[in-house]
Amino acid sequence: MSGLTREDVLKLARLSRLRLSDEEIEKYQAELSDLIEYVEQLKNVDTDDVEPTNQVTGLKNVWREDEIIDYGFTPDDLLKNAPATEGQLLKVKRMLQ
Amino acid sequence: MSQWDSVAKIAEDVQAGKVSASELVERALKTIEEKQEYKAIIATTAGRARERAKEIDEKIAKGENAGRLAGVPFIAKDNFLTFGAETTAASNILKGFNAPYQATAVEKLETAGAINVAKANLDAFAHGSSTENSDFFTTLNPHKKEHVPGGSSGGSAAAVILDMAPFALGTDTGGSIRLPAAFTGAVGLKPTYGLVSRSGVVAMASSTDVIGPITRTVEDAALVLDVMSGKDDLDGTSIERDSVSYTDVDTSLSGKKIGVIKEYMGEGLDAGVKEKIDQAIEKLKSAGAEITEVSLPSLPLALAVYYILCPAEVSSNLSRYDGQRYGYSHPDAKTLDESYELSREVGFGAEAKRRIMIGTYVLSSGYYDAYYRKAQSVRTKIIQDFEKAFEQVDFLVGPTAPMTAFKIGENIDDPLQMYLVDIMTVAVNLSGIPAISVPCGEIEGLPVGLQLMAPQKHDRALLGLAKGYEEITQ
Numbered sequence: 173m174s175g176l177t178r179e180d181v182l183k184l185a186r187l188s189r190l191r192l193s194d195e196e197i198e199k200y201q202a203e204l205s206d207l208i209e210y211v212e213q214l215k216n217v218d219t220d221d222v223e224p225t226n227q228v229t230g231l232k233n234v235w236r237e238d239e240i241i242d243y244g245f246t247p248d249d250l251l252k253n254a255p256a257t258e259g260q261l262l263k264v265k266r267m268l269q
Numbered sequence: 243m244s245q246w247d248s249v250a251k252i253a254e255d256v257q258a259g260k261v262s263a264s265e266l267v268e269r270a271l272k273t274i275e276e277k278q279e280y281k282a283i284i285a286t287t288a289g290r291a292r293e294r295a296k297e298i299d300e301k302i303a304k305g306e307n308a309g310r311l312a313g314v315p316f317i318a319k320d321n322f323l324t325f326g327a328e329t330t331a332a333s334n335i336l337k338g339f340n341a342p343y344q345a346t347a348v349e350k351l352e353t354a355g356a357i358n359v360a361k362a363n364l365d366a367f368a369h370g371s372s373t374e375n376s377d378f379f380t381t382l383n384p385h386k387k388e389h390v391p392g393g394s395s396g397g398s399a400a401a402v403i404l405d406m407a408p409f410a411l412g413t414d415t416g417g418s419i420r421l422p423a424a425f426t427g428a429v430g431l432k433p434t435y436g437l438v439s440r441s442g443v444v445a446m447a448s449s450t451d452v453i454g455p456i457t458r459t460v461e462d463a464a465l466v467l468d469v470m471s472g473k474d475d476l477d478g479t480s481i482e483r484d485s486v487s488y489t490d491v492d493t494s495l496s497g498k499k500i501g502v503i504k505e506y507m508g509e510g511l512d513a514g515v516k517e518k519i520d521q522a523i524e525k526l527k528s529a530g531a532e533i534t535e536v537s538l539p540s541l542p543l544a545l546a547v548y549y550i551l552c553p554a555e556v557s558s559n560l561s562r563y564d565g566q567r568y569g570y571s572h573p574d575a576k577t578l579d580e581s582y583e584l585s586r587e588v589g590f591g592a593e594a595k596r597r598i599m600i601g602t603y604v605l606s607s608g609y610y611d612a613y614y615r616k617a618q619s620v621r622t623k624i625i626q627d628f629e630k631a632f633e634q635v636d637f638l639v640g641p642t643a644p645m646t647a648f649k650i651g652e653n654i655d656d657p658l659q660m661y662l663v664d665i666m667t668v669a670v671n672l673s674g675i676p677a678i679s680v681p682c683g684e685i686e687g688l689p690v691g692l693q694l695m696a697p698q699k700h701d702r703a704l705l706g707l708a709k710g711y712e713e714i715t716q
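Protein chains in written order, with my numbering: chain A, 173 to 269; chain B, 243 to 716.
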């Protein structure tokens, strides 16, 4: 399927938590359709005899001990970048109107 | 001629007291100031850099060893978390972000005595091939100001060619070190996937992201890699490094088996670039290398694979920018959901939005098998092509890009055309193999890059070949 509808773009924007202007919706509808059409060339490639690759250097399940590591910063240092805080908590807007 | 000696020589002179780290930092900052018009730099770390230089000079005055990179200034792409300046990834959503810790790569360089002096411009979140996707400004090509420097590490490459520092750091997810190196006439090394820890680097597409140096010479690239590489507990995908130094290389070309990639030398390749690449290959042959043509039939599919996998991973990695924990948060939002939508709408540029939505599309339920799984399977075929090729030859060679640096604005309205610039670099990332771009001449004043590739974990051999090439052409 290529050629996204306006509704498709609105749905993608909603799933991605992006609020788009009308102008953007129109622009992305055309651009995303072009890009999807381009990648659809893979549909004709025979991949019956190959496994998908997820990791290229052959690493599997890299574990570490579940212990606290001292990175040299405090919770307060991390919270300095937060838009809104209360004590050592992040403060967010209400979830329901 | 550069105002900088080799990285090794600078460190030696600093240690010997012939020049101070403070003088070098001032020289770098002065050059950055003088060449501001190229817009290679987002911010300097002047205050912290001067302090570190002073510490290093005091250490040396006391007769202590200041490290293998003592006093050597460098510039980090602004997607590396560093102290001394904000880390923005050239994005509005991260503007004002002060990193609470530094990237492992930066820490390793600093432990060896190097000094970060500035943060370089990039396409926001490293999405792009020209720096035109920076949310702040476009970097100009040092050779011709109306042309792009390539991307996404365009600020880093331009900074090195503008002589602002002896070396810079870049990241390469689909070609972002090699392409700007080619477009500016620098050396750009993309190491084997996992060889350099990515802890503290803003994630783009985690299955292909790597860190590497951009330098004026292969020797400098090898030394910087040698300091940065190795397994790191903070990055589970990092791998063991060579036990031998990456600077200890075999530069002889005689008898080296080099395959010319057929698929990169045909249709779509600019005639002038082809001529330069042919001449470079001829030089390798004259020096005794055995040149053959090899075919990797799945390579033309690599870009389509990349533009499924990369946006998919980007959509996931950029979900953390939600306006709640750090970064831009829209002041007018009434609810949490509105805060997400408005913060991301204002904070992300057009390319980030494009990639997030494409990624969301290809990962959507019902489309996952048709796009993502299919792309992962074709990725396997590309890897198999490389494996077969490396059974016949030690190295592969081709152009880094199908053209020289294009004009600013030329591709900006056509995202697909912009993506096609990466057509000769992305396959390397999909396979995890190392590759390097070295300068091989100029066309109408714009540099051409020769791309050399080796099997995974053969970074040292690759550096030897590149240095061998550099030696016969200088």
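Just so you know, even glycine gets a beta-carbon here, dropped at the ideal spot from N, CA and C.
Would DSSP call residue i helix, strand or coil?
i, result
"E684 (chain B)", "strand"
"A331 (chain B)", "coil"
"V261 (chain B)", "coil"
"V402 (chain B)", "helix"
"T353 (chain B)", "helix"
"G706 (chain B)", "helix"
"G396 (chain B)", "helix"
"T257 (chain A)", "strand"
"I274 (chain B)", "helix"
"I678 (chain B)", "strand"
"I208 (chain A)", "helix"
"K649 (chain B)", "strand"
"Q201 (chain A)", "helix"
"T602 (chain B)", "helix"
"T381 (chain B)", "coil"
"V348 (chain B)", "helix"
Within the 8 angstroms Cβ cut-off, does residue i reach chain A?
i, result
"T330 (chain B)", "no"
"Y582 (chain B)", "yes"
"N653 (chain B)", "no"
"Q634 (chain B)", "no"
"D664 (chain B)", "no"
"I419 (chain B)", "no"
"G392 (chain B)", "no"
"A219 (chain B)", "Nothing can be reported for residue 219 (chain B), as the shown portion of chain B is limited to 243 through 716."
"V348 (chain B)", "no"
Buried or exposed for residue i, please, with buried defined as at least 16 other CB atoms from any protein chain shown within 10 angstroms of its CB.
i, result
"P255 (chain A)", "buried"
"S246 (chain B)", "Checking the sequence shown, residue 246 (chain B) turns out to be Trp, not Ser. Buried."
"Y613 (chain B)", "buried"
"K350 (chain B)", "buried"
"G175 (chain A)", "exposed"
"M406 (chain B)", "buried"
"T257 (chain A)", "exposed"
"Y435 (chain B)", "buried"
"D664 (chain B)", "buried"
"I240 (chain A)", "exposed"
"D475 (chain B)", "exposed"
"A332 (chain B)", "buried"
"R189 (chain A)", "buried"
Determine, for residue i, whether the minimum Cβ-Cβ distance to residues of chain B falls below 8 angstroms.
i, result
"D249 (chain A)", "yes"
"S188 (chain A)", "yes"
"E223 (chain A)", "yes"
"T177 (chain A)", "no"
"T257 (chain A)", "no"
"K232 (chain A)", "no"
Identify the continuous beta strand (DSSP E) that holds residue i and give its terminal residues.
i, result
"S414 (chain B)", "In the sequence on display, residue 414 (chain B) carries Asp and not Ser. D414 (chain B) -> beta strand (DSSP E) spans F409 to D414."
"N358 (chain B)", "I357 to A362"
"K553 (chain B)", "The sequence shown places Pro at residue 553 (chain B), rather than the Lys named in the question. It is not in any beta strand (DSSP E) - P553 (chain B) instead sits in the alpha helix (DSSP H) that spans A544 to N559."
"I317 (chain B)", "P315 to K319"
In terms of residue numbering, what span does the alpha helix (DSSP H) encompassing residue i cover?
i, result
"P657 (chain B)", "P657 to Y661"
"P717 (chain B)", "Since the first and last residues shown for chain B are 243 and 716, residue 717 (chain B) lies out of range."
"G589 (chain B)", "L578 to G589"
"K263 (chain A)", "Taken as a continuous stretch (DSSP letters only), K263 (chain A) belongs to no alpha helix (DSSP H), as it is neither H nor E."
"S673 (chain B)", "V668 to S673"
"M243 (chain B)", "Careful: M243 (chain B) lies outside any alpha helix (DSSP H) and carries neither H nor E."
"R562 (chain B)", "It is not in any alpha helix (DSSP H) - R562 (chain B) carries neither H nor E in the DSSP assignment."
Within the 8 angstroms Cβ cut-off, does residue i reach chain C?
i, result
"R440 (chain B)", "Of the chains in the structure shown, none is chain C; the protein chains are A and B."
Which runs of the alpha helix (DSSP H) spanning at least 4 residues fall entirely within the stretch 431-488 of chain B, listed in chain order? 460-470
What residue ranges within the stretch 277-309 of chain B form continuous beta strand (DSSP E) runs of no fewer than 3 residues, ordered along the chain? 283-286
4 or more residues per run - each alpha helix (DSSP H) lying fully within the stretch 483-531 of chain B: 513-528
Which ranges does the alpha helix (DSSP H) cover as unbroken runs of at least 4 residues, wholly within the stretch 613-637 of chain B, from first to last along the chain? 616-634
Which full runs of the alpha helix (DSSP H) of 4+ residues lie inside the stretch 211-249 of chain A, going along the chain? none
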